[in-house]
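J.: Below is a structure I'd like to ask you about.
Numbering (the UniProt record's numbering), first residue to last: 1 to 212.
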């Protein structure tokens with residue numbers, strides 16, 4: 001089955017970094033391809049390596065507006081190898097390959113969801129590494145208490161959102177957090193503080209040179 005690629009253009013990445021840093025920046029006029037290497041280094045297609053961008057997310061800061069990116073996306077978020085803690089690195093690579101998503105993207109999502117704690121339970125009832133809600137786990141046929149199954153369920157659900165939103169990484173992440181219905185209704189990332197911080201935090205983690 002043909003997959004929709006995971007897309008993250010350079011100007012989207014730069015805008016997200018500006019959000020995390022609390023600085024508003026205009027989007028660039030063109031969308032260059034941003035590639036993320038296994039060591040966390042970044043390249044622009046046809047250009048040189050980008051400098052590190054060690055932005056820190058302040059959870060208490062009111063998030064800046066995340067633009068609704070309406071232009072067609074041309075970039076791919078790619079990584080050459082698996083990412084994540086040693087205990088989970090091989091499994092992340094396997095699951096990411098199965099669902100054709102970036103291992104770095106999957107690692108960043110799980111980090112944000114549970115900090116890689118398989119026993120994590122949210123006040124709302126989300127469980128495990130990927131913080132699957134009971135209804136979502138039932139829909140996927142996943143036992144949330146099985147860490148391997150939970151991780152695969154999260155990857156599968158992320159893949160579903162990427163396919164639903166045409167490979168748009170930001171909207172897919174927003175849908176993972178707030179639900180696809182809210183993203184459709186908003187025509188982009190909903191004006192929900194938690195969701196906007198969530199998306200910005202994951203994109204920030206993708207910019208870090210080491211993801212363990």
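Think of the CB as a built atom: it goes at the ideal place given N, C-alpha and C, for glycine as much as any other residue.
#1: Are the region 100-115 and the region 129-136 touching, with three or more C-beta to C-beta distances below 8 Å?
#2: State the Cα-Cα distance for the pair residue 186 and residue 155, rounded to the nearest angstrom.
#3: Specify, as a first and last residue, the run of the alpha helix (DSSP H) that residue 190 falls within.
#4: In this structure, how does DSSP classify residue 115 when only helix, strand and coil are distinguished?
#5: Drop a sphere of 10 angstroms on the beta-carbon of residue 87, count the other beta-carbons inside from all chains shown, and report buried for 16 or more, exposed for fewer.
#6: Write down the C-beta distance between residue 148 and residue 91 rounded to the nearest angstrom, noting that I regard them as a contact closer than 8 Å.
#7: Could you check what DSSP says for residue 121 in three-state terms: helix, strand or coil?
#8: So what does DSSP say about residue 129, is it helix, strand or coil?
#9: Ignore the nearest five residues each way along the sequence and tell me which others in residue 30's own chain have a CB closer than 6 Å to its CB.
#10: Residues in the same chain with beta-carbon distance under 8 Å from residue 109, minus the five sequence neighbours each way, listed in chain order, please.
T.: This is what the structure gives:
#1: yes
#2: Residue numbering aside, residue 186 sits at position 186 when the chain shown is read from its first letter. Residue numbering aside, residue 155 sits at position 155 when the chain shown is read from its first letter. When rounded, the distance between both Cα atoms is 24 Å.
#3: Taking the first residue of the chain shown as position 1, residue 190 is located at position 190. Counting along the chain, residue 190 falls outside any alpha helix (DSSP H), and DSSP gives it neither H nor E.
#4: Taking the chain shown and counting its residues from 1, the one referred to as residue 115 is at position 115. If DSSP states are grouped into helix, strand and coil, residue 115 belongs with coil.
#5: Taking the first residue of the chain shown as 1, we reach residue 87 at position 87. By the 10 Å Cβ count, residue 87 comes out exposed.
#6: To locate residue 148, count along the chain shown from 1; it is residue 148. To locate residue 91, count along the chain shown from 1; it is residue 91. That belief holds up - the Cβ atoms of residue 148 and residue 91 are roughly 7 Å apart, short of 8 Å.
#7: As a working note, residue 121 is residue 121 in the chain shown. The answer is strand: DSSP assigns residue 121 an E or B state.
#8: Counted from its first residue, the chain shown places residue 129 at position 129. Reduced to three states, the DSSP call for residue 129 is coil.
#9: Taking the chain shown and counting its residues from 1, the one referred to as residue 30 is at position 30. Residue placement at residue 30 cannot be trusted, given a pLDDT of 28 that sits under 50; the coordinates are not used to answer.
#10: Locating residue 109 in the chain shown gives position 109, counting from the first residue. 130, 154, 158, 173, 176, 202.
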